[in-house]
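**Q** With the first letter of the sequence shown counted as 1, position 287 gets the number 292 in the numbering used here; the numbers rise by one all the way through.
To start, I am sharing the structure in question, which I have written as structure tokens.
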Amino acid sequence: MKILVINAGSSSLKYQLFNMTNGEVLAKGLCERIGIDGAITHKRPGKENFEKEVALPTHDEALSLVLELLVSAEYGVVASIDEIGAVGHRIAHGGEKYGCSSLIDDEAVAYLETIIPINPLHGPPAIKGIKACRRLMKNIPQVGVFDTSFYSQIEDFRTIYPLPYELYSENKIRRYGFHGTSHRYVSAKAAEMLNKEPSELKIITCHLGNGSSITAVDKGIAIDTSMGFTPQEGIPMGTRSGSIDPSVIPYIMKAKNLSADEVEDLINRKSGLLGVSGISSDSRYVEEAALKGDYRAQLAVKMLANSIKKYIGSYIAEMNGIDALVFTAGIGENSDMLRKMVCSELDFFGIKIDEDKNKSIPRGSAADISDECARVKTLVIPTDEEYMIALDTLNLCKEQ
């Protein structure tokens, strides 16, 4: 079966078309600047890319262009849209209803619209993508794969905040967690690399990119994660502060005469690596400046490494042990500097990396970077959320 994976943003639409017989990516691309001026990049392995500036007023026009390219004589990879067996949608938030991937029907869309107040950033564009696919691909099953669903089994004493209980029962304010599809993928891959069943292992997965999260996976089940009610909680990120003393917020509002929206913008888009370093939200440039002796860049990198280390320590305590530590996503897969900083002085827990292995990982490859005397395996595993979405979509459609 061929599966189309859609990841809709507020002004973008990413896509990949998989042949699930062998896991091959037939085509992938990005529609960007939707509703502004519009552009598309369409890629096929081993062939010339198609790139064009084109008006894309809405997600409907973007998807129409994608479908047109997929079947075109010059740039296509299928003879007909009917060859696509199903569409899998990346949906950041499934609220409390969706503890696993699910077929998307009218009832599901209606529910997703009800939780927009707790998912204002990612909810509306995901719904636009779903509605566009349902309009233009009427007879093709649509499946939602939710980032939050991997965390549906976390116990309530870890998800409910120590606030008046009514804020949870009435307003659904609780920790939901995000990046679950990535954490689920790499924790399963770690078990494969170790020739173990997930049920035999205690794994800590570090998804480190512009947005970052840490998850404790015990016996294949997520028992805790660093992100919370929003993707703002947890470790410092590219532009997000991560967890801070909540009383800082009203203090900033009064001291700087900022509105709630302005202070939210400050902690979400002007903080993290960018805010501390004053250089960039891109860790590569921050690390480069740190190596040249820039104090604020060094401070930002140290803050990030220390925050990750604290989560690792706390999750080892929660799970009463650890078998594997996994690094993934842009920074986790590519920054040997950060991996070294995080893993230093963790030998008490059995975590020790081989510096030569850490520095010599081919880009895009999975690797075991553990020192030969380490009791805990430290792994670098490229994430593949799109394939995980395609696999869930395939399995759900097979059940119908």
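We put the CB at the ideal spot given by N, CA and C, even for glycine.
Less than 7 Å between C-beta atoms, sequence neighbours within five positions excluded: which residues of the same chain meet that for isoleucine 120?
**A** Stepping through the sequence shown from its first residue, residue 120 is reached at position 115. Excluding sequence neighbours, isoleucine 120 sits near His98, Gly100 and Gly128.
**Q** Relative to the C-alpha of alanine 329, which residue among Ser16, Leu399, Glu377 and Ile208 is closest?
**A** Against the sequence shown, residue 329 aligns to sequence position 324. Among Ser16, Leu399, Glu377 and Ile208, the Cα nearest to that of alanine 329 belongs to Ile208.
**Q** Cα separation between serine 250 and isoleucine 317?
**A** Residue mapping note: residue 250 aligns to position 245 of the sequence shown, counting from 1. Residue mapping note: residue 317 aligns to position 312 of the sequence shown, counting from 1. In the sequence under discussion, the amino acid at residue 250 is aspartate, which differs from the serine named in the question. Cα-Cα distance, rounded: 20 Å.
**Q** Relative to the alpha-carbon of leucine 304, which residue among Tyr320, Glu323 and Ile284 has its alpha-carbon at the smallest distance?
**A** Locating residue 304 in the sequence shown gives position 299, counting from the first residue. Of Tyr320, Glu323 and Ile284, the residue nearest in Cα terms is Ile284.
**Q** At the level of alpha carbons, what is the spacing between alanine 137 and glycine 149?
**A** Taking the sequence shown and counting its residues from 1, the one referred to as residue 137 is at position 132. Taking the sequence shown and counting its residues from 1, the one referred to as residue 149 is at position 144. Spanning the two alpha carbons is a distance of roughly 14 Å.
**Q** With a 10 Å radius around its C-beta and 16 neighbouring C-beta atoms as the bar for buried, classify asparagine 400 as buried or exposed.
**A** As a working mapping, residue 400 is identified with position 395 in the sequence shown. With fewer than 16 other Cβ atoms within 10 Å, it is exposed.
**Q** May I ask you to report which of helix, strand or coil DSSP gives serine 217?
**A** Working through the sequence shown from its first residue, we reach residue 217 at position 212. It is a strand residue.
**Q** Hey, proline 241 and leucine 309 are a contact pair by Cβ (cut 8 Å); roughly how many whole angstroms apart?
**A** The sequence position of residue 241 within the sequence shown is 236, counting from 1. The sequence position of residue 309 within the sequence shown is 304, counting from 1. That belief holds up - the Cβ atoms of proline 241 and leucine 309 are roughly 5 Å apart, short of 8 Å.
**Q** Taking 7 Å as the limit between beta carbons, can you name the residues of its chain near histidine 47, skipping five residues before and five after?
**A** Taking the sequence shown and counting its residues from 1, the one referred to as residue 47 is at position 42. These residues qualify, in order along the chain: Ala32, Gly34, Asn54, Phe55, Leu74 and Tyr80.
**Q** Could you tell me which whole beta strand (DSSP E) segments of length 3 or greater appear in the stretch 36 to 67?
**A** Those beta strand (DSSP E) runs which fall completely within the stretch 36 to 67 and span 3+ residues are 44 to 48 and 55 to 58.
**Q** Within the same chain, show all residues whose beta-carbon is closer than 7 Å to that of arginine 274, passing over the 5 residues directly before and after it, in chain order.
**A** The residue you call residue 274 lines up with position 269 of the sequence shown. These residues qualify, in order along the chain: Thr244.
**Q** Among residues of its own chain, excluding the 5 on either side of glycine 40, which ones have a beta-carbon nearer than 8 Å to its beta-carbon?
**A** Start at 1 with the first residue of the sequence shown, and residue 40 comes out as number 35. Within the same chain, glycine 40 has close Cβ partners Ser16, Leu61, Pro62 and Thr63.
**Q** What are the partner residues of leucine 384, as DSSP defines its beta bridges?
**A** By 1-based counting over the sequence shown, the position of residue 384 is 379. BP columns for leucine 384 point to Val331 and Asp373.
**Q** Roughly how many angstroms lie between the CA atoms of asparagine 176 and isoleucine 226, to the nearest whole one?
**A** Here residue 176 refers to the residue found at position 171 when the sequence shown is read from its first residue. Here residue 226 refers to the residue found at position 221 when the sequence shown is read from its first residue. Whole-angstrom Cα-Cα distance: 26 Å.
**Q** Closest to glutamate 377 by CA distance: which of Ile356, Ile135 and Glu391 is it?
**A** Reading the sequence shown from its first residue, position 372 is the one you call residue 377. Measuring from the Cα of glutamate 377, the nearest candidate turns out to be Ile356.
**Q** Along the chain, where does the alpha helix (DSSP H) that runs through glycine 128 open and close?
**A** The count along the sequence shown starts at 1 and reaches residue 128 at position 123. Note, glycine 128: alpha helix (DSSP H), 128 to 141.
**Q** If I follow the unbroken beta strand (DSSP E) through glycine 93, where does it start and stop?
**A** If you number the sequence shown from 1, residue 93 lands on position 88. Taken as a continuous stretch (DSSP letters only), the beta strand (DSSP E) holding glycine 93 covers 89 to 96.
**Q** Output needed for valine 82: all residues of its chain with C-beta closer than 8 Å, excluding positions within five of it in sequence on either side, in chain order.
**A** On the sequence shown, residue 82 is found 77 positions in, with the first residue counted as 1. Correct list, in chain order: Leu22, Leu31, Ala32, Arg49 and Leu75.
**Q** What residue range does the alpha helix (DSSP H) around serine 312 cover?
**A** Taking the first residue of the sequence shown as 1, we reach residue 312 at position 307. 300 to 324 is the span of the alpha helix (DSSP H), which, as asked, contains serine 312.
**Q** With DSSP run on the structure shown, which of helix, strand or coil describes glycine 337?
**A** Your numbering for residue 337 matches position 332 in the sequence shown. Reduced to three states, the DSSP call for glycine 337 is helix.
**Q** Taking only the alpha-carbon atoms, compute the straight-line gap between isoleucine 8 and isoleucine 145 and give it to the nearest angstrom.
**A** As a working note, residue 8 is residue 3 in the sequence shown. As a working note, residue 145 is residue 140 in the sequence shown. Cα to Cα, the separation comes out at about 10 Å.
**Q** In its own chain, which residues sit with a C-beta less than 6 Å from the C-beta of alanine 371, not counting the 5 before and 5 after it?
**A** As a first step, residue 371 is located in the sequence shown; it is residue number 366 there, counting from the start. Excluding residues within five positions, the ones whose Cβ falls inside 6 Å are Ile386.
**Q** Mapping the DSSP letters down to three states, classify valine 222 as helix, strand or coil.
**A** Here residue 222 refers to the residue found at position 217 of the sequence shown. The answer is strand: DSSP assigns valine 222 an E or B state.
**Q** Have a look at Glu58, Tyr156, Asp42 and Ala67 and flag the residue whose alpha-carbon is nearest the alpha-carbon of leucine 18.
**A** In the sequence shown, counting from the first residue as 1, residue 18 sits at position 13. Ranking the options by Cα distance to leucine 18, first place goes to Ala67.
**Q** For arginine 368, count neighbouring C-beta atoms within 10 Å of its own C-beta (all shown protein chains included) and say buried if the count is 16 or more, exposed if not.
**A** As a working mapping, residue 368 is identified with position 363 in the sequence shown. So arginine 368 ends up on the exposed side.
**Q** Just the Cα atoms here: how many angstroms apart are glutamate 238 and glutamate 390?
**A** Stepping through the sequence shown from its first residue, residue 238 is reached at position 233. Stepping through the sequence shown from its first residue, residue 390 is reached at position 385. Distance between the alpha carbons of glutamate 238 and glutamate 390 is about 21 Å.
**Q** Output needed for threonine 398: all residues of its chain with C-beta closer than 6 Å, excluding positions within five of it in sequence on either side, in chain order.
**A** Mapped onto the sequence shown, residue 398 falls at position 393. For threonine 398, where only same-chain residues beyond five positions count, the Cβ hits under 6 Å are Ile8, Ala91, Gly93 and Val148.
**Q** DSSP three-state label for alanine 196, please.
**A** In the sequence shown, the residue the question calls residue 196 occupies position 191. Helix.
**Q** Please report the straight-line C-alpha distance between threonine 230 and glycine 43, rounded to a whole angstrom.
**A** Locating residue 230 in the sequence shown gives position 225, counting from the first residue. Locating residue 43 in the sequence shown gives position 38, counting from the first residue. Distance between the alpha carbons of threonine 230 and glycine 43 is about 36 Å.
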